[in-house]
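For the sequence shown, this note's numbering begins at 368 and goes up steadily by one.
What follows is a set of notes on a single structure, which appears directly below.
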Amino acid sequence: MDSLRISRRSALLGATMVAAWSTSPLRAAIAATASRATPAFVDALIGQMTLKEKAGQLNLMPSSWGPGPTINPIVDTGGVDKQIEDAVAGKITGVFNGNGAEFHHRLQDAVTRRSRLKIPLLFGADVIHGYRTVFPVPLAEAGSFEPSLAERTSRIAATEAAAAGIDWTFAPMVDVARDARWGRGVEGSGEDPWLGTLFAGARVRGFQGKDLTAADAVLSCIKHFAAYGAAEAGLDYSTVDISPQTLHDVLLPPYEAGFAAGAGSGMASFNEINGIPSTGNHWLLNKLLRDEWKFPGFIVSDYTGDQEMIVHGYAKDDRDAARLAILAGCDMGMASNLYYTYLPGLVRDGLVPEAVLDQSVRRVLSAKAALGLFDNPLRRIDTKREAASMRRPASLALAREAASKSVVLLKNEGGLLPLPRAGKRIALIGPHAGQNDLIGPWAPFGDDAKCVSFETGIRTAMGDPKALSVVRGCEIDKPIAGGIDAAVAAARAADVVLLAVGEGQFMSGESQSRSSVTLPQVQRDLAEAVAATGTPVVVLLRNGRALALHGAVRDARAIMVTWFLGSEAGNGLADVLFGKVSPSARLPVSFPYESGQEPYYYYHKNSGRAQPPGPRQDYKTQFREAPNAALYPFGHGLTYSTVEYAGLELPATMPWNGAIEIAARLTNTGAVAIDEVAQLYVHDQVASMTRPVRLLKGFAKVHLAPGESKRVTFRLAFTDLLFSNADGKLTVEPGAFTVWVAPSAQAGGVTGAFSLVTG
Ligand code: BGC
């Protein structure tokens, strides 16, 4: 009843507000221009603005409306009433991570009625992998090797978020993450630039939709530009010291792909790159992004990123930080208030040309126009639509599909999986059995309590729900009195144990770097005790990063990586466990043997003393405790069948500027239908710069009925062989290339070679 009352009132306010807006002189001026986003309209508006109003358009603040999600250090906004007055006074361009349509309505209404220029506010939010319907964490979804899935889930996320009045999402995060110690790999697409590039574009298309003015479209923001994932030691926010070649060939491509897909904004990363913090990096934001990549949109700093240049030792004080950031091409400051406080004075004192300020304002106003906000500031704000848009059945069905397509089967000795739905007593044991840690670290609008837990999903799928016993055993990182004894008793009484262990959801994500990427000791103790009963164990890992597995966890009969699967976690998992869906995901990150191997990624270089296959030898590139390889490599993931790779076809030569077709024959040699992800890898044998041992250059998800055989083809183009040479120039060199079509970065598959020829 309450919500009905609120929505009626809001609807009423909405109608009057739009009417007020329609009769305003500014609206009339806009209507007179040929197109919403013409420079003439925007420039005419800029022409009317004071320096303070201009600075206000570049100042983004966290929302003051509680109980909002607390995912950042607290910044004093002065409270709701003060924030509304700030908006009316033109001190802010918008707010982010607010609490839904009602608050957005109050703010937009106040601005549209009472501010001098009636410039609509922009509402941002961290909608990373869902809004109220929570999809698997982006890293998990990347494991689907199905970019179109990410496009579909991003579309639903946008639809829900936009219904809550959100115009702009701080996503996708496209940082290549090669070090499992870094906690934020969970937000991205893993270690590989090719996969990351495809997912970046797909997510931008999903969020923005076909028409940015649509009420269900949100502007996307490519972050964190740039190289944020390359922090030394995987330590969040830390120094990035990287060669230009690696920067260009490995780290930058996903950002470029995201911008090329039409993302309207980007976020400057917290880190420095080779001595210069991104927020103040003129080369990065102005030269590379604008001059070279021709990006027309706007760049926002990360949360107080401008101010943090002082601690970096790059800016001498707040005012200097604002100056450096705006001159470098960072159009909007987030959460620091520095732009509003200092830009007018900096312009008056001649330290920042007014044209620079105008250019940034132009970009921000153009984005607001592109979002249709000048036509109708309430375009996305509608409490009725908000109430009707969340967690719709079709959205939850997609969450279930995405969950089942994100589960990676690492190991399945003796075909223990899939489990029969009936006839076996199952013990679900571990701190991830229950209603906790389901949404993952970066779903601030989601709710664990509304997710399908592993217990519920498994119980629902089983013929006889009484055949399931559930014991927590321990907490994520502390024991429960009598927990291990109860777990052992349950394991003894069962035919199979499902051991749900892993990381808590706040062990990954922002600022959650780990020096050891292992399971907490208490869970390892639980695993040892359960394994000692002799009951076969299926490990269900829940994690936001690649993990080094040890002891009874590593030695379990079967291991599934379930990441954080979101709203439909339990159902999606049960679909795979009981064989309704064949596992089809692949690892988007390599699982090392030991933490100390990090950063470990499959496309490392060979040293002059590369480790040959076989036992450890001295004077070779390897650790005492671990080979220079992954326990489970990038691209690895089993199905419930076996697949034979054969019949590689490729021409002997690739012509200069040309392309070749590479084919292989895949045969499902087992008795169940599967989806196999065939991967194309290439190695440039000799070049003027040493090249990685393998690089992914294509993949195909192939459905194979039992016994079915299919010819899979890949196109490899001359441009796929480009790399940065010693002078930093993109080049291709003639010579021999090895090719694999294989089920992982470390598997042999079928292999051959071709030569790139100049003639
Ligand atoms: C994060 C960003 C996020 C922003 C706003 C920062 O701490 O690095 O990814 O978009 O906060 O919540």
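Virtual Cβ for every residue (Gly too), placed ideally from N, Cα, C.
As the structure is a prediction and not an experimental result, all values here were calculated from the model.
- For secondary structure counted as the beta strand (DSSP E) over 3 or more consecutive residues, the segment 731 to 763 holds no complete run.
- Residues of the same chain with a CB within less than 7 Å of the CB of residue 1018, apart from the 5 flanking positions on each side, are 1027, 1121 in chain order.
- According to the DSSP secondary-structure assignment, residue 999 is paired through a beta bridge with 958.
- For the pair residue 811 and residue 464, the CB atoms are nearer than the 9 Å cut-off.
- Counting other Cβ atoms within 10 Å of its Cβ, residue 1082 stays below 16 and is therefore classed as exposed.
- The beta carbon of residue 693 lies closer than 8 Å to those of 425, 706, 710, 713, 719, 723, 724, 727 in the same chain, with the five residues before and after it left out.
- Apart from the 5 residues on each side of it in sequence, residue 880 sits with its Cβ closer than 7 Å to the Cβ of 548, 549, 550, 601, 602, 603 in its chain, given in chain order.
- The ligand BGC has a heavy atom closer than 8 Å to the beta-carbon of residue 877.
- Shortest gap from the CB of residue 669 to any heavy atom of the ligand BGC: under 8 Å.
- Across the structure, residue 1090 and residue 972 are spaced so that their CA atoms are roughly 14 Å apart.
- Annotation for residue 1088: 1099 place their beta carbon closer than 6 Å to its own, counting only its chain and skipping 5 residues before and after.
- Residue 969 is positioned such that its CB atom lies closer than 9 Å to that of residue 1061.
- For residue 1046, the enclosing beta strand (DSSP E) covers residues 1041 to 1051.
- Sixteen is the threshold: when 16 or more other Cβ atoms of the shown chains lie within 10 Å of the Cβ of residue 506, as they do, the residue is buried.
- Residue state for residue 870 is assigned as coil, using DSSP reduced to three classes.
- Counting along the chain, the unbroken alpha helix (DSSP H) around residue 472 starts and ends at 468 to 481.
- Here the alpha carbon of residue 1041 sits roughly 10 Å from the alpha carbon of residue 1074.
- Contact check for residue 932 against residue 776 fails: the beta carbons are separated by 9 Å or more.
- Inter-segment contact for the segment 849 to 858 and the segment 572 to 590 is absent: fewer than three beta-carbon pairs are separated by less than 8 Å.
- Listed in chain order, the beta strand (DSSP E) elements of length 3 or more contained wholly in the segment 1027 to 1104 are 1041 to 1051, 1062 to 1071, 1076 to 1084.
- Cβ contact annotation for residue 564 (same chain, cutoff 7 Å, sequence separation greater than five): 620, 621, 624, in chain order.
- Following the DSSP letters along the chain, one finds residue 515 inside the alpha helix (DSSP H) bounded by residues 514 to 530.
- Here residue 904 really is in contact with residue 924; their C-beta atoms are around 6 Å apart, less than 8 Å.
- The closest heavy atom of the ligand BGC lies 8 Å or more from the beta carbon of residue 679.
- Excluding the 5 residues flanking it on each side, residue 974 has same chain C-beta neighbours closer than 7 Å at 988, in chain order.
- Scanning its chain for C-beta atoms nearer than 6 Å, with the 5 sequence neighbours on each side dropped, one finds around residue 941 the residues 824, 825, 828, in chain order.
- Contact between residue 794 and residue 864 holds, since their C-beta atoms are separated by about 5 Å, short of 8 Å.
- Given a length threshold of 4 residues, each whole run of the alpha helix (DSSP H) inside the segment 913 to 992 is given here in chain order: 918 to 921, 936 to 944.
- Here the segment 476 to 485 makes no contact with the segment 514 to 523; the two share fewer than three CB pairs at distances below 8 Å.
- In the three-state DSSP reduction, residue 909 falls in the strand class (E or B).
- Within 8 Å of the C-beta of residue 463 there is at least one heavy atom belonging to the ligand BGC.
- Look at residue 492 here: in three-state DSSP terms it is strand.
- Remark: C-beta atoms of residue 555 and residue 540 approach each other more closely than 9 Å.
- Comparing alpha-carbon positions, the option among 452, 916, 466 lying closest to residue 778 turns out to be 916.
- Under DSSP, residue 863 shares a beta bridge with 793.
- If only uninterrupted alpha helix (DSSP H) runs of at least 4 residues are considered, those enclosed by the segment 599 to 675 are 620 to 627.
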